[in-house]
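Take any residue in the sequence shown, count from 1 to its spot, add 127: that is its number in our numbering.
Scroll down for the structure; my scribbles are underneath it.
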Amino acid sequence: MSKSKNTPPRSDVQAAARQTDSGPSEVNTAVDTASQQAVQTQDMVAEMPFNPNKAGEHGFDNGLQPQPGVTVEPASRLPTGSTLSEENVTAKTGTQAAEGVNWTIEALDRVRVDSSGQALTTNQGVPIADNQNSLKYGVRGPVLLEDFILREKLTHFDHERIPERIVHARGSAAHGYFECYEPLTDITKAAPFKEAGKTTPVFVRFSTVQGERGSKDTARDVRGFAVKFYTDEGNWDLVGNNMPVFFIQDAMKFPDLVHAVKPEPHHGMPQAGSAHDTFWDFVSLMPESTHMLMWAMSDRGIPRSYATMQGFGVHTFRMVNDAGESVFVKFHWNPIYGTHSLVWEEAVKISGADPDFHRRDLWERIEAGAYPEWELGLQVFTEEQADQFSFDILDATKIVPEELVPVRPVGRMVLNRNPDNFFAETEQVAFCTAHIVPGLDFSNDPLLAGRIHSYVDTQITRLGGPNFHEIPINSPLAPVHNNQRDGMHRQAIHRGRVSYEPNSLGGGCPFQAGAAQGFVSVPARIQAKEEQGKVRAKPEKFADHYTQATLFFESQSPVEQAHIAAAFRFELSKVTVPGIRERMVSSLRNASESLAQQVAQGLGMAVLPDPMPRALENPTAPEVTRSPALSLLSRPGDGSIKGRKIALLVADGVDGQSAMDVHAALFAEGAVPRFVGPRIGPVKTSDGVAVDADASLENEPGFLFDALVLPDGAGVAEALAKDAHTLDFIRDQHRHCKAILVMPASAKLLESAGVAPELPSGEADPGILQGTNVDAFIEAVARHRHFERETDPPSV
Ligand code: HEM
Numbered sequence: 128m129s130k131s132k133n134t135p136p137r138s139d140v141q142a143a144a145r146q147t148d149s150g151p152s153e154v155n156t157a158v159d160t161a162s163q164q165a166v167q168t169q170d171m172v173a174e175m176p177f178n179p180n181k182a183g184e185h186g187f188d189n190g191l192q193p194q195p196g197v198t199v200e201p202a203s204r205l206p207t208g209s210t211l212s213e214e215n216v217t218a219k220t221g222t223q224a225a226e227g228v229n230w231t232i233e234a235l236d237r238v239r240v241d242s243s244g245q246a247l248t249t250n251q252g253v254p255i256a257d258n259q260n261s262l263k264y265g266v267r268g269p270v271l272l273e274d275f276i277l278r279e280k281l282t283h284f285d286h287e288r289i290p291e292r293i294v295h296a297r298g299s300a301a302h303g304y305f306e307c308y309e310p311l312t313d314i315t316k317a318a319p320f321k322e323a324g325k326t327t328p329v330f331v332r333f334s335t336v337q338g339e340r341g342s343k344d345t346a347r348d349v350r351g352f353a354v355k356f357y358t359d360e361g362n363w364d365l366v367g368n369n370m371p372v373f374f375i376q377d378a379m380k381f382p383d384l385v386h387a388v389k390p391e392p393h394h395g396m397p398q399a400g401s402a403h404d405t406f407w408d409f410v411s412l413m414p415e416s417t418h419m420l421m422w423a424m425s426d427r428g429i430p431r432s433y434a435t436m437q438g439f440g441v442h443t444f445r446m447v448n449d450a451g452e453s454v455f456v457k458f459h460w461n462p463i464y465g466t467h468s469l470v471w472e473e474a475v476k477i478s479g480a481d482p483d484f485h486r487r488d489l490w491e492r493i494e495a496g497a498y499p500e501w502e503l504g505l506q507v508f509t510e511e512q513a514d515q516f517s518f519d520i521l522d523a524t525k526i527v528p529e530e531l532v533p534v535r536p537v538g539r540m541v542l543n544r545n546p547d548n549f550f551a552e553t554e555q556v557a558f559c560t561a562h563i564v565p566g567l568d569f570s571n572d573p574l575l576a577g578r579i580h581s582y583v584d585t586q587i588t589r590l591g592g593p594n595f596h597e598i599p600i601n602s603p604l605a606p607v608h609n610n611q612r613d614g615m616h617r618q619a620i621h622r623g624r625v626s627y628e629p630n631s632l633g634g635g636c637p638f639q640a641g642a643a644q645g646f647v648s649v650p651a652r653i654q655a656k657e658e659q660g661k662v663r664a665k666p667e668k669f670a671d672h673y674t675q676a677t678l679f680f681e682s683q684s685p686v687e688q689a690h691i692a693a694a695f696r697f698e699l700s701k702v703t704v705p706g707i708r709e710r711m712v713s714s715l716r717n718a719s720e721s722l723a724q725q726v727a728q729g730l731g732m733a734v735l736p737d738p739m740p741r742a743l744e745n746p747t748a749p750e751v752t753r754s755p756a757l758s759l760l761s762r763p764g765d766g767s768i769k770g771r772k773i774a775l776l777v778a779d780g781v782d783g784q785s786a787m788d789v790h791a792a793l794f795a796e797g798a799v800p801r802f803v804g805p806r807i808g809p810v811k812t813s814d815g816v817a818v819d820a821d822a823s824l825e826n827e828p829g830f831l832f833d834a835l836v837l838p839d840g841a842g843v844a845e846a847l848a849k850d851a852h853t854l855d856f857i858r859d860q861h862r863h864c865k866a867i868l869v870m871p872a873s874a875k876l877l878e879s880a881g882v883a884p885e886l887p888s889g890e891a892d893p894g895i896l897q898g899t900n901v902d903a904f905i906e907a908v909a910r911h912r913h914f915e916r917e918t919d920p921p922s923v
């Protein structure tokens with residue numbers, strides 16, 4: 128509608144402006160702002176004699192095309208303000224609110240604090256003269272209640288902790304950006320995918336699920352992979368995991384799953400571990416978990432680092448283009464540096480030596496400039512294709528095999544900035560699957576539906592009220608204008624008296640955006656008549672609990688299959704009730720007879736229990752029975768050794784020049800070489816070239832490294848052999864199948880450790896390089912592990 132005309136003021140409007148009990152009223156409209164405000168308000172309101180949008184709010188078709196709200200441009204800013212006194216300015220009030228701006232958003236600079244050169248103050252800004260002593264009545268007298276400085280400090284400290292997340296409590300995060308390779312406008316209007324080269328800031332938090340906030344990083348567990356995109360059309364959170372499937376199919380079972388896997392409620396054990404009765408009791412009664420159990424018991428459950436694990440959106444989502452057409456989509460994050468894992472014994476040892484292993488790795492990679500990077504891939508398919516699949520795409524326990532729908536790379540994500548403050552950013556970040564932007568939408572996955580509710584709900588408790596979206600790390604870069612008001616810890620100071628819509632007193636603002644700009648849900652498709660009734664049930668294909676568990680197991684390399692069997696053996700050996708072990712083995716028989724046999728044997732089960740009755744006796748034949756993409760070994764990454772931590776053992780007698788040369792060669796490849804000696808500090812080199820050990824055999828044991836170099840130099844082997852840690856170091860490197868460069872003087876160290884340079888088959892071990900060929904060693908490190916060496920139980 129048009130701007131108010133300058134009609135002569137009505138006397139009743141002027142009279143209204145004089146309705147005041149205590150302030151002197153004026154009637155001269157030339158100078159009287161109260162009266163001007165009343166006049167302009169009346170003019171603005173008169174422009175909206177009724178709500179012209181009302182008729183368009185009804186009916187299905189209108190529901191798909193909501194109209195933009197109606198607005199009136201006021202004659203000046205007077206009628207929309209809260210107060211006539213806003214023109215009075217102090218250093219604190221500042222000027223009037225900038226027109227159309229919400230300053231609680233914008234870059235984090237607005238809340239960064241740097242105290243360089245500043246004196247200590249209280250939270251009220253009062254300089255603190257003495258931060259060493261409380262206020263006493265005499266030097267030896269009692270402390271006084273009046274000491275507001277002491278009390279403020281203690282009170283704040285007393286409330287520093289907030290509740291930890293109910294799940295995914297342990298995590299680490301970093302800032303970065305997402306860059307789109309090419310416009311995806313044919314399938315989505317979502318802001319990050321609009322142009323080639325467009326970048327969108329992201330904040331990514333990785334986490335474990337089971338453990339408490341202070342628990343170890345290297346537990347066998349699912350890892351959270353939550354990405355917050357600060358798009359120019361609002362925040363989009365892709366809250367995924369490092370495994371593409373989940374334990375359950377319906378949100379109704381989530382609290383049961385979490386109660387089962389968390390430390391048992393009577394004694395609070397075990398911390399960050401699923402190897403206990405309640406977890407296996409639950410999952411052995413929930414055969415739909417079998418597929419996810421395969422992933423969790425595989426090496427994916429113990430990643431080498433956050434930078435070397437895949438991420439998945441898990442559920443089927445939708446993408447929607449400008450024309451309102453929608454396709455289904457699955458999200459995949461693929462690490463550029465390869466998908467690498469730990470081996471179980473190594474993970475166990477690391478959890479003792481460095482419980483922060485993954486947190487440290489992420490932090491140090493970024494500090495060193497070796498930025499973690501992933502490619503985002505999409506599996507895009509239509510509703511018609513989905514109808515043909517042998518499985519249901521609404522079932523979060525199923526993947527869409529890459530053989531059926533290839534993964535299309537669409538962009539890359541780089542994490543290049545560590546947070547300034549763990550609590551303010553990593554702890555207070557609030558992800559939510561409900562945070563999506565125009566161009567994206569949900570599927571009817573019943574697990575996803577529960578998540579859309581749960582995250583904000585829990586964050587109201589965790590972050591202390593409904594205004595946590597204003598915490599700087601959570602606020603979007605896109606403008607925020609609505610009529611939500613008040614609540615604990617509100618920061619926005621809204622100008623004006625309007626906090627409802629529709630309105631005419633605020634000129635109709637903030638107005639509804641309408642279909643062209645705003646978020647519109649894809650109309651849900653309900654195909655079959657019987658689905659239109661209210662029902663608590665699952666679709667039929669959800670009952671196929673084993674086909675994809677079999678697919679996963681059959682797609683693994685023999686060594687990966689052996690690791691899965693060993694993981695089931697370990698976890699179930701910690702279960703104290705034989706009936707639960709048997710139940711689990713009976714279920715595994717439906718997924719893989721050979722796996723069930725290996726597990727049963729490992730558990731000393733003489734007779735295999737009968738296979739568990741299946742919920743669906745004759746599932747639809749699967750499209751693929753083997754998918755190489757599911758094996759970790761098929762994802763070596765770019766073949767570089769960037770970010771690999773390599774130990775160069777040193778001690779008195781080491782050939783300093785050769786040690787420095789190997790160090791330089793590894794460093795040049797982007798690896799993280801470290802000199803490890805019997806103690807930290809300088810060693811006496813044979814050639815006088817200075818070498819300083821920056822780690823010791825005691826403080827950085829062998830299992831913390833990806834590869835090992837045994838040094839050259841007269842007497843160095845003898846010096847190292849005096850410390851039994853050296854032999855443990857070599858044995859762990861060997862047992863965990865890592866590459867070892869054995870320089871000539873150190874051949875005897877290998878022997879003393881009982882390590883043979885051959886494989887169990889008698890062939891030369893390609894991971895043990897004798898001599899000085901660093902290039903060959905680098906190639907061996909790039910393979911990450913040399914599993915040909917592995918035996919169960921270990922031979923060394
Ligand atoms: C109905 C099923 C689920 C429910 C009710 C649920 C609920 C929750 C809750 C309450 C939190 C804590 C959030 C917070 O305090 O900020 C959380 C965290 C998380 N959930 Fe779920 N979850 C479910 C399934 C899943 C699935 C299937 C995935 C993976 C696709 C997943 C991934 C995550 C991640 C990554 C986090 C950590 C987010 C962060 O880093 O802050 N959840 N979940």
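No residue lacks a Cβ here, since even glycine has one placed at the ideal position from N, Cα and C.
From a predicted model like this one, the values you see are computed outputs, not experimental measurements.
Contact test: residue i Cβ vs the ligand HEM heavy atom, cutoff 7 Å
| i | result |
| --- | --- |
| Arg710 | no |
| Ala523 | yes |
| Asn368 | yes |
| Val388 | no |
| Thr585 | yes |
| Leu107 | This structure does not reach residue 107, given that the chain is present from 128 up to 923, and the question cannot be answered. |
| Val354 | no |
| Phe284 | no |
| Ala551 | no |
| Ile293 | yes |
| Arg578 | yes |
| Tyr582 | yes |
| Ala557 | yes |
| Gly428 | no |
| Val410 | no |
| Phe406 | no |
N- and C-terminal bounds of the beta strand (DSSP E) containing residue i
| i | result |
| --- | --- |
| Lys772 | Lys772 to Leu776 |
| Pro809 | Gly808 to Val810 |
| Tyr304 | Gly298 to Cys307 |
| Pro573 | Not the beta strand (DSSP E): Pro573 falls in the alpha helix (DSSP H), residues Pro573 to Arg589. |
| Phe569 | Leu567 to Phe569 |
| Arg332 | Thr326 to Thr335 |
Cβ-based burial, residue i [other Cβ within 10 Å; buried from 16]
| i | result |
| --- | --- |
| His608 | exposed |
| Gly881 | exposed |
| Leu678 | buried |
| Thr853 | buried |
| Asp236 | exposed |
| Asp148 | exposed |
| Val564 | buried |
CB contact flag (residue i, residue j, <8 Å)
| i | j | result |
| --- | --- | --- |
| Leu277 | Ser261 | yes |
| Ala346 | Gln337 | yes |
| Ile526 | Ser468 | no |
| Asn229 | Ile314 | no |
| Leu521 | Ser581 | no |
Delimiting residues of the alpha helix (DSSP H) encompassing residue i
| i | result |
| --- | --- |
| Glu878 | Ala874 to Ser879 |
| Arg539 | Arg539 -> not in any alpha helix (DSSP H); beta strand (DSSP E) instead, spanning Arg535 to Arg544. |
| Trp422 | Thr417 to Met424 |
| Met787 | Gly783 to Ala795 |
Go through the stretch 826-870 residue by residue and report every complete run of the alpha helix (DSSP H) that reaches 4 residues or more, in order. 843-848 and 851-862
Counting only runs that start and end within the stretch 478-515, where is the alpha helix (DSSP H) found for 4 or more residues in a row? 484-494 and 510-515
Contained alpha helix (DSSP H) runs [length at least 4] in the stretch 159-214, N- to C-terminal order: 160-173 and 187-191
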